[in-house]
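Residue numbers (the numbering used here): 1 to 103.
Quick look at the structure:
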């Protein structure tokens, strides 16, 4: 069984047992989180699509860990002006394991 969920302004296709990296949630590792915004549920040959969400459908997941992604380095400069600017960014994420998809 697969589902398409929305969290953090992004859509993710998930199945039971999948490990997914999503936008950071304000919960600790080991907690259980429930996603109610389910856009679609696909169960073999049967597919249910919501308008915009499937009524009564939810996805339960266990938070594995919170962390930061790989560092992205930004470098700006103006030629012939001596202007140099270096900046870095690490996007926070939450790693979750999908436990149950229910309709």
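Ideal Cβ positions, reconstructed from N, Cα and C, are used throughout, including at glycine.
Asked, Found
"Residue burial classification, residue 74 (beta-carbon count within 10 angstroms, cutoff 16)", "exposed"
"Residue 63 vs residue 36 beta-carbon contact at 7 Å", "no"
"Integer-rounded CB distance, given that residue 96 should sit under 8 Å from residue 20", "6 Å"
"Residue closest to residue 66, alpha-carbon to alpha-carbon, out of 98, 91, 82 and 86", "91"
"Paired residues, beta bridge with residue 52 - DSSP", "Residue 52 is not bridged to any residue."
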